[in-house]
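I have placed the structure first, in the form of structure tokens, so that the comments after it can refer back to it.
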Amino acid sequence: MVGMRAFFQGSWHPARVHSAYLRSLREALSRSRFRALEPSRLRRRSVPTLWTVSRLTSAAVLAYLLAVAVNPGLTDLTGPLTALLVVQTSLYATLKMGVFRILSVLTGVLVAIAVSAWVGLSWWSLGLVIAASLLIGSLLRLGDNLLEAPISAMLILGVYAHDIAAETRVLNTLIGAGVGAAFSLLLPPSVAPHSAEEALLEVAEETAEAVRRSGREMAEQLDRRRVTSWLHETHSLLPLVESAAESVAQIEENRRLNPRALVRADVVPILRSGVSTLDRTILSLRAMFQSLEDELPVTAGHPSARGVGYDDELRGAFSVVLIDMGDAIAAFGTLVVAEAEGRQDEAEEALAETLEILRETRAILTDLYFVDGRDNPSAWLLRGSVLASIEAVLRHLDVEERSRQRARRAETERARKVHVMPNLPRIPGVRATKSDPPSSGGDRSDR
1 MVGMRAFFQG SWHPARVHSA YLRSLREALS RSRFRALEPS RLRRRSVPTL
51 WTVSRLTSAA VLAYLLAVAV NPGLTDLTGP LTALLVVQTS LYATLKMGVF
101 RILSVLTGVL VAIAVSAWVG LSWWSLGLVI AASLLIGSLL RLGDNLLEAP
151 ISAMLILGVY AHDIAAETRV LNTLIGAGVG AAFSLLLPPS VAPHSAEEAL
201 LEVAEETAEA VRRSGREMAE QLDRRRVTSW LHETHSLLPL VESAAESVAQ
251 IEENRRLNPR ALVRADVVPI LRSGVSTLDR TILSLRAMFQ SLEDELPVTA
301 GHPSARGVGY DDELRGAFSV VLIDMGDAIA AFGTLVVAEA EGRQDEAEEA
351 LAETLEILRE TRAILTDLYF VDGRDNPSAW LLRGSVLASI EAVLRHLDVE
401 ERSRQRARRA ETERARKVHV MPNLPRIPGV RATKSDPPSS GGDRSDR
């Protein structure tokens, strides 16, 4: 016990902070790894994964069958390879960038065919194919699809067979490109938001657990080393936020010009606002821990330690605030997913209860800060920043603000539907009501 006390009250050292940061990061990764194996999460992720595998496999097999039908006895795999490269995109990207994608694939294939017609696969022929594909792709201004040219060239060069004519390779490439484009049109990617919901829940749960853990540790002891490790752990949550934002953006991309989106509600605004709120919440947590770190002394015996005190009562109150804050963040993540699935009433009540508890414990902490500030006025400025950060978290997670956002989204969606609705023909003898939109062109029964 004496050794542990000496360790916690010893001098602060960057190596110890780094070690604590790595330990907390390993714990977070371990929790994420085991959480991904939960049966409910596996079921939610299996459907979009199986759909993607089915699309890619079917496109490649169909391209091969069509190529064999055109050229019986063919052993060339150019068609399936091209189909795989073309079909792995959303419908909107296929229509918008399909020409460039197909052009980049054809560039790589033609370069590989030209080189492999004279020489086999070697280190210098590989370098020549890559360089030529990149140069030609740059001249054609392929943009984001530039790297697909050398990738296609390497794939073709690797499966090269000398007994296959160059024109057959080109024909098979066109067949594969056509099959890939057709699959994107007829079998578009899934618009189910399960992956984005899982990513958002992971951000909320990891953030909540990090805050709860800091609360439990604060109940034991508070020093600068621990606060620094909490600050680093909060910073390590930012990549999860970026990953969740990318998942939401991918769902939005998949919905564009996708017929599957006609039968599914657009939950992208709900998920995007949820990710944005969690991002701002994490920034407020970092500001809170930063203010707390600035207040605490570097070492227990440092001259700055005079007048800075967190007794058991104050630490206990702060610990409860942090634990309640973690519960509120987790409840917010559950609410966002419930909103996306149309069952937000129960989750909204749960979040409102946790926020009310957090406000009560925050009030107790404020009173203790005020009492302690009379004896230590120099620390009141930094403690005011801590309270401001807690208030910012409450503001970000506010249930009423979330309800107002939901109402605004619903109003915007209704206005959009009215705007795109065509003028319907008037039925003779039926008078227009006040709810009917005004007709700008009279009866259009011929339409």
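Residue numbers (the UniProt record's numbering): 1 to 447. By construction, the Cβ of each residue, glycine as well, lies at the ideal position given by its N, Cα and C atoms. All values derive from a computational prediction rather than experimental measurement.
- Cβ-Cβ separation between V227 and L185: approximately 55 Å, too far for a contact (criterion under 8 Å).
- Across the set L50, V170 and A330, the C-alpha of V170 shows the shortest separation from the C-alpha of G108.
- In this chain, the alpha helix (DSSP H) harbouring S125 covers W123 to L139.
- Inter-residue distance for S138 and T281 is about 43 Å (C-alpha atoms, whole angstroms).
- With 16 or more other Cβ atoms from the protein chains shown falling within 10 Å of its own Cβ, F318 counts as buried.
- When R343, D345, D327 and L262 are compared, the shortest CA-CA separation from R359 is found for D327.
- Note on geometry: alpha-carbon atoms of A249 and V53 lie some 21 Å from one another.
- Secondary structure at V179: helix, using DSSP grouped into helix, strand and coil.
- Going by DSSP, W230 is part of the alpha helix (DSSP H) stretching over R224 to H235.
- Shown here for A244: same chain residues with a beta carbon closer than 6 Å to its own, the five before and five after excluded, namely A199, L200, V203 and V275 in chain order.
- Of all alpha-carbon atoms in A261, R224, L322 and S190, the one lying nearest the alpha-carbon of E209 is that of L322.
- Exposed is the label assigned to R343, since fewer than 16 other Cβ atoms lie within 10 Å of its Cβ.
- Contact between the segment 277-291 and the segment 379-396 is present, with at least three C-beta pairs closer than 8 Å.
- Scanning V99, A114, E220 and P189 for the CA closest to the CA of E148 turns up V99.
- Going by DSSP, E339 is part of the alpha helix (DSSP H) stretching over D312 to A340.
- The beta carbons of L355 and V320 sit no closer together than 8 Å.
- Taking a cut-off of 8 Å on C-beta distances, the segment 173-191 touches the segment 56-71, as three or more cross pairs fall below it.
- In this structure E206 touches L240 by the C-beta definition: roughly 6 Å separates them, less than 8 Å.
- For G120, the secondary structure class from DSSP, reduced to helix, strand or coil, is coil.
- Rounded to the nearest angstrom, the Cβ distance from S104 to L155 is 13 Å, too far for a contact under 8 Å.
- Under the three-state reduction of DSSP output, S291 falls in the helix class.
- Secondary structure of D367 (DSSP, three-state): helix.
- For R256, the secondary structure class from DSSP, reduced to helix, strand or coil, is coil.
- Its Cα nearest to that of N145, the residue L106 stands out among L106, W118 and L126.
- Taking S214 as the centre and dropping the five residues before and after it, the same chain places the C-beta of W230 and L322 closer than 7 Å to its C-beta, in chain order.
- In this structure, L77 and L121 do not form a Cβ contact; the two beta carbons are roughly 15 Å apart against a cut-off of 8 Å.
- The three-state reading of DSSP puts D76 in coil, since its state is none of H, G, I, E or B.
- For S190, the three-state secondary structure derived from DSSP is coil.
- Excluding the 5 residues flanking it on each side, T234 has same chain C-beta neighbours closer than 7 Å at A210, I282, L285, R286 and F289, in chain order.
- Residue environment analysis places R216 among the exposed positions, since fewer than 16 neighbouring C-beta atoms fall within 10 angstroms of its C-beta.
- The alpha-carbon separation between P150 and W123 amounts to approximately 14 Å.
- Exposed is the label assigned to S403, since fewer than 16 other Cβ atoms lie within 10 Å of its Cβ.
- Contact between P188 and N258 holds: CB atoms are separated by about 5 Å, below the 8 Å threshold.
- Taking the Cα of E220 as reference, the smallest distance to any Cα among D279, R212, R264 and D312 is reached at D312.
- Close CB contacts of S273 within its chain, under the 7 Å cut and outside five residues either way in sequence, are with Q405 (chain order).
- Between V87 and the set F183, A69, A153 and V119, the nearest pair of CA atoms involves F183.
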